[in-house]
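Before any comments, here is the structure.
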Amino acid sequence: MNLTTFGFIFVGICLNAVAQLLLKAGTNAVGAIHLTAENWFSTGIKLATQLPIIGGLTCYVISVGVWIIGLSRVDVTIAYPLLSLGYIINAVGAWYFLGEVVSAQRLLAIGVIIVGVILLTRS
Numbered sequence: 001m002n003l004t005t006f007g008f009i010f011v012g013i014c015l016n017a018v019a020q021l022l023l024k025a026g027t028n029a030v031g032a033i034h035l036t037a038e039n040w041f042s043t044g045i046k047l048a049t050q051l052p053i054i055g056g057l058t059c060y061v062i063s064v065g066v067w068i069i070g071l072s073r074v075d076v077t078i079a080y081p082l083l084s085l086g087y088i089i090n091a092v093g094a095w096y097f098l099g100e101v102v103s104a105q106r107l108l109a110i111g112v113i114i115v116g117v118i119l120l121t122r123s
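Heads up, the sequence shown is in UniProt numbering, so the first residue is 1 and it goes up one at a time.
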């Protein structure tokens with residue numbers, strides 16, 4: 001895999017992780033969602049008007065386009081496991097931007113993911 005191809009894959013992964021963080025920020029602003037027959041429409045409008053949710057969905061759309069370009073250049077058996085990098089990006093982002101706790105066990109799991117990605121990219 002050359003640097004350009006890795007760049008497309010990595011940008012797609014980053015956009016996907018940012019999308020998750022933005023969606024979570026949007027749902028944090030709304031609160032826990034409990035859909036009923038009476039509130040599904042108003043809840044949908046409330047969610048659809050949250051800027052972080054709009055941003056997250058936009059990131060998803062762009063990430064799909066970038067991901068398709070990356071997939072056209074590398075085997076899916078290489079590209080798909082690289083999505084695991086998103087776990088790392090997401091954990092750091094959730095800790096930094098959302099104040100979520102990253103425990104020692106989670107850090108160990110992230111370390112295992114990093115080792116796996118290194119092994120994968122060297123194959």
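Virtual Cβ for every residue (Gly too), placed ideally from N, Cα, C. Note that the structure is a prediction, hence the values are computed from the model and not measured.
Per DSSP, I88 is one residue of the alpha helix (DSSP H) stretching across L85 to L98.
Note on geometry: alpha-carbon atoms of S84 and I113 lie some 7 Å from one another. When R73, L23 and Y87 are compared, the shortest CA-CA separation from T4 is found for R73. By the C-beta density criterion, F41 is exposed, having fewer than 16 other C-beta atoms within 10 angstroms. Taken atom to atom, the span from the alpha-carbon of V18 to that of C59 is near 7 Å. N28 counts as exposed, since fewer than 16 other C-beta atoms from the protein chains shown sit within 10 angstroms of its C-beta. Membership of V74 in any alpha helix (DSSP H) is not indicated, and neither H nor E is assigned to it by DSSP.
Here T36 carries a coil assignment [DSSP, helix/strand/coil]. Exclusion of the five residues before and after L120 leaves P81 as the residues of its chain whose Cβ lies within less than 6 Å of its Cβ.
When DSSP states are grouped into helix, strand and coil, G31 belongs to the coil group.
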